[in-house]
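Protein chains in written order, with the numbering used here: chain A, -18 to 270; chain B, 12 to 450.
We put the CB at the ideal spot given by N, CA and C, even for glycine.
Some notes on the structure that comes next.
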């Protein structure tokens, strides 16, 4: 199995650990991720205005170029996934807009790539039973809150990723790794997103509610699929702590770091130095390192 | 063929709710023979589940029971309860209807309705009539005032049917009416006209992902609230929430749950929720004086006689907080049900830590209505409601002569409208019969 791979800007910078662990895990699980030879920023938001075709040009160009190299494209960042999948769908469904965009970017792309999230590859293409066979470490019932955020799931009809109100794919993944998935009501709530730039207090409050909800439901750790979310719920813990004295830090990992851990990757290959809240004490306490 | 020139002057009414009962009494009083077919063991329908009715707040059972009794005792009306229409052939004047009389495992000819079997039955489970809240026995009647007041056995719950032991009801029955060997029987009825009044169901709360797919405890539907508030209900009329029996101090009512939502659920208005939610909130306030009731609404539709006055009074004098907006999510947080909504008049997000939530879920046709319509050769619409011959001018007729429709099986409506609809259907039948007589 080979997939074209769109890393996205953050995975080249702040979330290098996400990129690194995803690639290593892929080779352990027997599928290849071939990085696109030429990629740019995805645009970072899908335009809300229906006539704003300009904002669709970056993702359209990425998709058109990708189609020249293969048929299936995967990505990790939930925001990139959202933008690419929705743009691809629009190019597939809306002939008029497709023609306009194609004319502008001077390509003939029909929207016929399969856009698949890494988690979907794990479930649909590799299969959780096969992953189980490859595990080197039992996560020993580590209680983990699966944080979806909103970008993977909504808008539901376009993303068609999982049940928008009560998704379970992430939990199935955690259970396959031998962890205990903790359900918590804020698992699909917004992390505050780009508010962390303009109104940081708003984002901090969003993050605090998510974290407290997960911890209250019994989570010892949270896993995420999105560098944006992770910035808000991991790095922001510093700000939460400054404001709420009783706030207890909780480690936030990318799901591929956890997968790497269970597949028996060496600690230094898991990139924990980029996680803001240090997960090592918890992992050592549970004899996972 | 029958006496009057071959046109049988006898009607069948399918469905023993308030619409079917009203039509049967009308026809019976006009001197025509009526066969009333009801799927459940006794008549009364949905109205029997209600506590009080709007806009007068009088007791539903007090107004309904005289009607069910009158129906049961009417010399012209024959009840075939626990029965379903199996096959229909023929035409106006001579329909031949095969009816399945479901095995209830009790010989009703012997049964005196003493109720001893129900008292002694050891199999308990959630009561369907009480929307899963009260205790239902394996041998049961729907209510203490059931007409007919004869029980049936639910084999899916009965220890004898499941484990081949027990037989307590057989032992205690003083007249030997229990018959575990009873089988479904088929009878054929010949009638000249048929009125279909098979009522409605509610869109199950399990359908609503945003409200926890029915898994959040203390989130109930409107009919469940009726049972909670009913003197014959599981709490004998005290408002106690299902999870722990506590008296809820903050209750949120959500209107239009599944109605007027073309994207996800039902596009139509269910027509009764604005009124019954106001009624619910008032009844709650009358019983829990220090409680707070919140109602989330889209807009208020109160077009019946005395309805707008009822709403105005609810808003202004009853201390109910009306919030114009929708609720996006519900989830359990410890002892509370967290309600996230919007108050679109102030433009603010609202978060309420509620003790109980009541969903005014959409009225939908019974799942079986489509199949029944197929047997009768009449039409249903996209949702499964029965279709009238013409929207405005022929509201009770169908495309088939001699078959009429009444009540919520045709579309959502309140009791007053259902009764008027049934009266109209009955008068259509009388017109048909009278016309044939003159021929």
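Limits of the unbroken alpha helix (DSSP H) element including residue i
{"i": "residue 32(B)", "result": "29 to 40"}
{"i": "residue 205(B)", "result": "Premise fails: residue 205(B) lies in the beta strand (DSSP E), 204 to 207, not in any alpha helix (DSSP H)."}
{"i": "residue 128(B)", "result": "127 to 131"}
{"i": "residue -16(A)", "result": "That residue, residue -16(A), is in no alpha helix (DSSP H); its beta strand (DSSP E) goes -17 to -13."}
{"i": "residue 134(A)", "result": "Looking at the DSSP string, residue 134(A) is not in any alpha helix (DSSP H), and its letter there is neither H nor E."}
{"i": "residue 6(A)", "result": "-3 to 10"}
{"i": "residue 24(B)", "result": "Taken as a continuous stretch (DSSP letters only), residue 24(B) belongs to no alpha helix (DSSP H), being part of the beta strand (DSSP E) at 21 to 25."}
{"i": "residue 214(A)", "result": "Neither: residue 214(A) is in no alpha helix (DSSP H) and is coded neither H nor E."}
C-alpha distance - residue i paired with residue j, whole-angstrom precision
{"i": "residue 66(A)", "j": "residue 140(A)", "result": "7 angstroms"}
{"i": "residue 385(B)", "j": "residue 391(B)", "result": "9 angstroms"}
{"i": "residue 53(A)", "j": "residue 0(A)", "result": "18 angstroms"}
{"i": "residue 118(B)", "j": "residue 209(B)", "result": "26 angstroms"}
{"i": "residue 94(A)", "j": "residue 10(A)", "result": "23 angstroms"}
{"i": "residue -15(A)", "j": "residue 244(A)", "result": "23 angstroms"}
{"i": "residue 324(B)", "j": "residue 332(B)", "result": "12 angstroms"}
{"i": "residue 79(A)", "j": "residue 44(A)", "result": "12 angstroms"}
{"i": "residue 78(B)", "j": "residue 327(B)", "result": "35 angstroms"}
{"i": "residue 11(B)", "j": "residue 235(A)", "result": "With chain B covering 12 to 450 only, the question about residue 11(B) has no answer from this structure."}
{"i": "residue 264(B)", "j": "residue 341(B)", "result": "12 angstroms"}
{"i": "residue 90(B)", "j": "residue 52(B)", "result": "10 angstroms"}
{"i": "residue 155(A)", "j": "residue 127(A)", "result": "8 angstroms"}
{"i": "residue 170(B)", "j": "residue 406(B)", "result": "47 angstroms"}
{"i": "residue 240(A)", "j": "residue -2(A)", "result": "12 angstroms"}
{"i": "residue 412(B)", "j": "residue 389(B)", "result": "10 angstroms"}
{"i": "residue 434(B)", "j": "residue 199(A)", "result": "60 angstroms"}
{"i": "residue 54(B)", "j": "residue 204(A)", "result": "56 angstroms"}
{"i": "residue 67(B)", "j": "residue 122(A)", "result": "58 angstroms"}
{"i": "residue 447(B)", "j": "residue 203(B)", "result": "10 angstroms"}
{"i": "residue 105(B)", "j": "residue 381(B)", "result": "23 angstroms"}
{"i": "residue 395(B)", "j": "residue 162(B)", "result": "31 angstroms"}
Contacts that residue i makes with chain B (C-beta to C-beta distance below 7 angstroms)
{"i": "residue 146(A)", "result": "220, 221"}
Listed by chain order, chain A residues near residue i by CB distance under 7 angstroms
{"i": "residue 224(B)", "result": "147"}
CB contact check: residue i to chain B, cutoff 8 angstroms
{"i": "residue 166(A)", "result": "yes"}
{"i": "residue -16(A)", "result": "no"}
Below-8 angstroms beta-carbon distance, residue i vs any chain A residue
{"i": "residue 13(B)", "result": "Note that residue 13(B) scores a pLDDT of 49, beneath 50, so its modelled location is shaky and nothing firm can be said."}
{"i": "residue 344(B)", "result": "yes"}
Residue i: first and last residue of the uninterrupted beta strand (DSSP E) it sits in
{"i": "residue 376(B)", "result": "374 to 376"}
{"i": "residue 212(B)", "result": "211 to 213"}
{"i": "residue 147(B)", "result": "146 to 148"}
{"i": "residue 232(B)", "result": "230 to 232"}
{"i": "residue 102(B)", "result": "94 to 102"}
{"i": "residue 127(A)", "result": "124 to 127"}
{"i": "residue 105(B)", "result": "105 to 112"}
{"i": "residue 262(A)", "result": "Careful: residue 262(A) lies outside any beta strand (DSSP E), inside the alpha helix (DSSP H) at 261 to 266."}
{"i": "residue 234(A)", "result": "233 to 235"}
{"i": "residue 137(B)", "result": "135 to 137"}
8 angstroms Cβ cutoff, residue i in contact with chain D
{"i": "residue 86(A)", "result": "The structure shown contains no chain D; its protein chains are A and B."}
Residue i CB to nearest heavy atom of the ligand MG below 7 angstroms
{"i": "residue 118(B)", "result": "Of the ligands one can find in the structure shown there are none, so the ligand MG has no counterpart to examine."}
Just list the alpha helix (DSSP H) runs in the segment 144 to 185 of chain A, keeping only unbroken ones of 4 residues or longer that don't cross its boundaries, in chain order.
Listed in chain order, they are 150 to 157, 176 to 179.
Runs of 3 residues minimum, wholly inside the segment 185 to 211 of chain A: which ones carry the beta strand (DSSP E) assignment?
Given a length threshold of 3 residues, each whole run of the beta strand (DSSP E) inside the segment 185 to 211 of chain A is given here in chain order: 202 to 205.
In chain order, what are the residue ranges of uninterrupted alpha helix (DSSP H) at least 4 long that sit wholly in the segment 45 to 89 of chain B?
Complete alpha helix (DSSP H) runs here, min 4: 71 to 84.
Which full runs of the beta strand (DSSP E) of 3+ residues lie inside the segment 15 to 103 of chain A, going along the chain?
Counting whole runs of 3 or more residues, the segment 15 to 103 of chain A contains the beta strand (DSSP E) stretches 53 to 56, 95 to 98.
Where in the segment 147 to 180 of chain B do unbroken runs of the alpha helix (DSSP H), each at least 4 residues long, occur, reported from the N-terminal end onward?
Whole alpha helix (DSSP H) segments, 4+ residues: 170 to 174.
Unbroken stretches of the beta strand (DSSP E), 3 residues or longer, contained in the segment 305 to 360 of chain B
Runs of the beta strand (DSSP E) lying entirely within the segment 305 to 360 of chain B, each at least 3 residues long, are 332 to 335, 338 to 344, 347 to 354 in chain order.
Residue ranges of each beta strand (DSSP E) within the segment 223 to 286 of chain B, 3 or longer
Listed in chain order, the complete beta strand (DSSP E) runs (minimum 3 residues) inside the segment 223 to 286 of chain B are 230 to 232, 261 to 268.
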